[in-house]
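S.K.: Going left to right, the sequence shown walks through residues 259 to 681 as my numbering numbers them.
Note that the Cβ used here is the ideal one computed from N, Cα and C, for glycine as well.
Mind having a look at this structure? Questions to follow.
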Amino acid sequence: MRIAVIGFGAATVGFLKEVDTTKNEVIVFEMNKDIFSSSISGIRADGKLFVSSEMGGDLEEILFDKKLQKEIVNYYSELSETEPEVGSRENIEELKKRFFINGFKLVESEFFHIGTDKLKIFLKNAHNEFIKKGVNFKFNSFVKNIDVQEKILIEYIDRKTRAELKDYFDKVYVAVGRSGFKLIDTLTKKYPDIILSNTKVDLGVRFELPDIVVKELNEALYEFKVKFKSSNGQLIRTFCNNPSGYVVTEKYADFITVNGHAIHDQKSTNTNFAILVTHSFTKPFNDPNGYGSYIAKLSNILAGGNKVILQTYGDFKKGKRTKKLWKVFPTLSNNEYVLGDLNLVFPSKTSISLIEFIDNLNQIIPGIADEENLLYGVEVKFYGKKLNNNLFENIKFIGDCSGHTRSIVHATAHGIIEARKIK
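Printed below as a string of structure tokens:
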């Protein structure tokens with residue numbers, strides 16, 4: 259059987275790890291030039307792995323299979339040639355109580371941190387392992403369309419030669435992550451019955467402050483995840499906490515957002531994490547990804563082009579542009595941001611939710627709401643349309659692009675489970 263996998267990310271790692279290449283010809287289409295610049299950022303930027311039945315996705319066969327989740331953590335650790343940093347999560351009852359009485363829900367899980375630097379080793383070793391299995395990688399191949407026929411047609415562009423090509427397969431696995439939403443949009447316009455739901459996008463900021471302010475939190479939890487409901491009913495959450503980490507930009511096809519990572523063997527003196535506000539929509543609107551992209555592009559326009567906006571928390575609350583920094587200094591390179599005003603980007607209810615979240619978190623961790631702490635914008639998390647994997651026998655959506663997973667571990671597990679079904 260000829261099998262195509264589109265995109266190289268966590269779901270593809272799981273699929274290739276498990277698929278039987280003695281009985282199947284497997285070809286991976288990746289639009290970028292090599293394994294280290296693969297289009298899905300999850301396994302390149304930081305490598306936080308967690309074992310949890312509370313987060314990571316909504317597939318029950320993964321959520322409650324902690325044995326499988328831990329096997330995946332061990333796999334990433336082994337191929338990264340490193341022992342991950344582990345959040346102790348000991349003696350946190352008092353901390354949990356403080357979160358609860360101040361309106362927050364602390365999400366329980368086990369956390370493991372590989373590190374951005376070590377994941378390069380993982381990618382190299384995984385790629386070598388898959389090549390030995392007989393997997394064929396087609397880099398610089400941008401898939402623009404998939405057509406359901408007796409044999410599944412894939413139309414793609416060779417980005418080196420600009421040649422438009424096509425190929426036919428018995429089975430296709432789409433694993434383009436959340437950043438591959440344009441291909442998903444193309445497919446769902448052709449085959450609208452694939453969509454189960456399409457209502458959410460998360461918009462917010464990357465928040466940066468000195469390590470010393472959140473030392474207790476970092477030592478107790480390493481990766482703390484909390485949820486909070488604002489007075490206007492919006493749900494806000496933290497995501498991707500990076501003790502002694504670095505703020506980075508994340509480049510999409512036509513806009514730039516912010517993200518963060520932590521390096522195993524190199525540390526800063528700042529902690530950064532995302533604060534994200536969930537935006538849920540109702541009919542007739544059905545393009546939350548388009549909305550998130552629009553907000554990101556607006557921030558880039560206000561920053562003068564391919565840059566993001568940086569603002570102090572004090573100026574954000576006052577609704578005025580930041581013109582200088584003096585107490586907290588950014589880890590993002592100064593040629594990647596412009597000092598500005600994020601209130602010109604976010605809807606007012608989003609700004610209100612962010613302020614309520616930070617001010618309430620300050621009741622638990624004094625210093626969080628210091629006026630000189632930094633906000634970078636925007637950070638966007640595309641949920642992806644939630645897709646129906648039972649509509650077509652020979653096309654399956656795996657990982658975050660399916661709308662059913664939202665983490666490295668769960669996306670990898672999804673790939674493993676779908677590969678086992680072939681057996």
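Distance, Cα to Cα, Glu319 vs Glu351?
M.R.: As a working mapping, residue 319 is identified with position 61 in the sequence shown. As a working mapping, residue 351 is identified with position 93 in the sequence shown. Going from the Cα of Glu319 to the Cα of Glu351 covers about 30 Å.
S.K.: By Cβ distance below 6 Å, which residues in the same chain neighbour Ser311 in space, the five residues on each side in sequence not counted?
M.R.: Here residue 311 refers to the residue found at position 53 when the sequence shown is read from its first residue. So the qualifying residues of the chain are Leu321, Phe322.
S.K.: Would Val434 and Gly267 qualify as a contact pair, given that the criterion is a beta-carbon distance under 9 Å?
M.R.: Counting from one through the sequence shown, the residue named residue 434 turns up at place 176. Counting from one through the sequence shown, the residue named residue 267 turns up at place 9. Contact: yes.
S.K.: Can you tell me which of Glu676, Ala671, Gly661 puts its alpha carbon nearest to the alpha carbon of Ile452?
M.R.: For the purposes of this step, residue 452 is taken as residue 194 along the sequence shown, with counting starting at 1. Residue Gly661 is the option with its Cα nearest to Ile452.
S.K.: Closest to Lys382 by CA distance: which of Ile410, Leu649, Val638, Glu339 is it?
M.R.: Locating residue 382 in the sequence shown gives position 124, counting from the first residue. For Lys382, the nearest C-alpha among the options comes from Glu339.
S.K.: List in chain order: all unbroken alpha helix (DSSP H) runs of 4+ residues lying wholly within the segment 567 to 655.
M.R.: Whole alpha helix (DSSP H) segments, 4+ residues: 571 to 576, 606 to 619.
S.K.: Asp443 to Asp658, Cα distance in whole Å?
M.R.: Within the sequence shown, numbered from 1, the residue matching residue 443 stands at position 185. Within the sequence shown, numbered from 1, the residue matching residue 658 stands at position 400. Distance between the alpha carbons of Asp443 and Asp658: 14 Å.
S.K.: By alpha-carbon positions, which one of Gly598, Lys644, Asn290 ends up nearest to Leu317?
M.R.: To locate residue 317, count along the sequence shown from 1; it is residue 59. Comparing Cα positions, the closest option is Lys644.
S.K.: Work out the CA separation of Ala627 and Thr529 for me, nearest whole Å.
M.R.: Stepping through the sequence shown from its first residue, residue 529 is reached at position 271. Stepping through the sequence shown from its first residue, residue 627 is reached at position 369. One C-alpha to the other measures close to 14 Å.
S.K.: By the three-class DSSP mapping on this structure, what secondary structure does Asp425 have?
M.R.: Position 167 of the sequence shown, counted from the start, is the residue given in the question as residue 425. Of the three classes helix, strand and coil, the one that applies to Asp425 here is strand, per DSSP.
S.K.: Using DSSP bridges, identify the partner residues of Ile285.
M.R.: Looking up residue 285 in the sequence shown gives position 27. Note: Ile285 sits in a beta bridge opposite Ala262, Asn394.
S.K.: Do you know how far the Cα of Lys291 is from the Cα of Arg417?
M.R.: Within the sequence shown, numbered from 1, the residue matching residue 417 stands at position 159. Within the sequence shown, numbered from 1, the residue matching residue 291 stands at position 33. Their backbone Cα atoms lie some 9 Å apart in a straight line.
S.K.: Would you be able to state if there are at least three C-beta pairs under 8 Å between the segment 525 to 542 and the segment 491 to 507?
M.R.: Enough Cβ pairs lie closer than 8 Å, so yes.
S.K.: Looking only at its own chain, which residues have a Cβ that is under 6 Å from the Cβ of Lys328, when we skip the five neighbours before and after it?
M.R.: Indexing the sequence shown from 1 puts residue 328 at position 70. Closer than 6 Å at Cβ, skipping near neighbours: Val309.
S.K.: Going by the CB atoms, is the gap between His519 and Thr670 shorter than 9 Å?
M.R.: On the sequence shown, residue 670 is found 412 positions in, with the first residue counted as 1. On the sequence shown, residue 519 is found 261 positions in, with the first residue counted as 1. The answer is no: Cβ separation not under 9 Å.
S.K.: Leaving aside the five residues before and after Asn394 along the sequence, list all residues of the same chain whose C-beta is less than 6 Å from its C-beta, in chain order.
M.R.: Taking the first residue of the sequence shown as position 1, residue 394 is located at position 136. Excluding sequence neighbours, Asn394 sits near Ile285.
S.K.: Could you tell me if Gln407 is buried or exposed, where buried requires 16 or more neighbouring beta carbons within 10 angstroms of its beta carbon?
M.R.: For the purposes of this step, residue 407 is taken as residue 149 along the sequence shown, with counting starting at 1. The residue in question, Gln407, is exposed, as its Cβ has fewer than 16 Cβ neighbours within 10 Å.
S.K.: Return the Cβ separation of Tyr595 and Tyr571 in integer angstroms, given the expectation that the two are a contact with Cβ distance under 8 Å.
M.R.: Position 337 of the sequence shown holds residue 595. Position 313 of the sequence shown holds residue 571. Between Tyr571 and Tyr595 the Cβ distance is about 15 Å, and since that is not below 8 Å, they are no contact.
S.K.: What's the call for Tyr552, buried or exposed, on a 16-neighbour Cβ count within 10 Å?
M.R.: Within the sequence shown, residue 552 is the residue found at index 294, counting from 1. By the neighbour-count rule (16 or more Cβ atoms within 10 Å), Tyr552 is not buried but exposed.
S.K.: In the structure shown, what three-state DSSP assignment does Tyr449 receive?
M.R.: Numbered from 1 along the sequence shown, position 191 holds the residue referred to as residue 449. Coil at Tyr449, not helix or strand.
S.K.: CB-CB under 6 Å to Thr589, same chain, minus the five flanking residues each way: which ones, in chain order?
M.R.: Here the question's residue 589 lines up with position 331 in the sequence shown. Cβ within range, chain order: Tyr504, Val505, Ser526, Asn528.
S.K.: In terms of residue numbering, what span does the alpha helix (DSSP H) encompassing Lys483 cover?
M.R.: Taking the first residue of the sequence shown as position 1, residue 483 is located at position 225. From DSSP, Lys483 is part of no alpha helix (DSSP H); its letter is neither H nor E.
S.K.: Tell me, please, which residues DSSP counts as bridged to Asn544.
M.R.: Along the sequence shown, read from residue 1 onward, the residue named residue 544 stands at position 286. BP columns for Asn544 are empty, so no partner.
S.K.: Between which two residues does the beta strand (DSSP E) holding Ala532 run?
M.R.: Within the sequence shown, the letter at position 274 stands for residue 532. Its beta strand (DSSP E) spans residues 528 to 538.
S.K.: Could you name the residues that DSSP lists as bridge partners for Asn403?
M.R.: In the sequence shown, the residue the question calls residue 403 occupies position 145. Answer is Glu413, bridged to Asn403.
S.K.: With burial defined as no fewer than 16 other Cβ atoms inside 10 Å of the residue's Cβ, what is the status of Leu423: buried or exposed?
M.R.: Walking along the sequence shown from the start, residue 423 turns up at place 165. Flag for Leu423 reads exposed.
S.K.: Alpha carbons only, please: which of Ile359, Tyr334, Phe400 is nearest the one belonging to Ile379?
M.R.: Against the sequence shown, residue 379 aligns to sequence position 121. Out of Ile359, Tyr334, Phe400, Tyr334 has the C-alpha closest to the C-alpha of Ile379.
S.K.: Measuring CB to CB, does Asn652 end up less than 9 Å from Asp428?
M.R.: Taking the first residue of the sequence shown as position 1, residue 652 is located at position 394. Taking the first residue of the sequence shown as position 1, residue 428 is located at position 170. A contact, by the Cβ cut-off of 9 Å.
S.K.: Do Tyr510 and the ligand ZN come close, with the Cβ less than 8 Å from some heavy atom?
M.R.: This structure lacks the ligand ZN, and indeed carries no ligand of any kind.
S.K.: Give me the DSSP bridge partner(s) of Pro468.
M.R.: What you label residue 468 is simply residue 210 of the sequence shown in a count that begins at 1. Partner(s): Asn528.
S.K.: When DSSP builds the beta bridges, which residues end up paired with Ser295?
M.R.: By 1-based counting over the sequence shown, the position of residue 295 is 37. Ser295 is not bridged to any residue.
S.K.: Looking at Asn547 and Phe439, is the spacing between their C-beta atoms short of 9 Å?
M.R.: Translated into the one-based positions of the sequence shown, residue 439 becomes position 181. Translated into the one-based positions of the sequence shown, residue 547 becomes position 289. Yes, Cβ-Cβ distance for Phe439 and Asn547 is below 9 Å.
S.K.: Check for me: the alpha helix (DSSP H) holding Phe357 runs from which residue to which?
M.R.: Within the sequence shown, residue 357 is the residue found at index 99, counting from 1. Residues 351 to 359.
S.K.: Just reading off the beta strand (DSSP E) that Tyr682 is part of, what are its end residues?
M.R.: Residue 682 cannot be examined here, being either before or after the span of the chain that is shown, 259 to 681.
S.K.: Can you find at least 3 beta carbon pairs, one from the segment 552 to 570 and one from the segment 597 to 604, that sit closer than 8 Å?
M.R.: Contact holds: three or more Cβ-Cβ distances are below 8 Å.
S.K.: Check each candidate in Phe640, Ser609, Asn558 and name the one with the smallest Cα separation from Lys575.
M.R.: Within the sequence shown, residue 575 is the residue found at index 317, counting from 1. Among Phe640, Ser609, Asn558, the Cα nearest to that of Lys575 belongs to Ser609.
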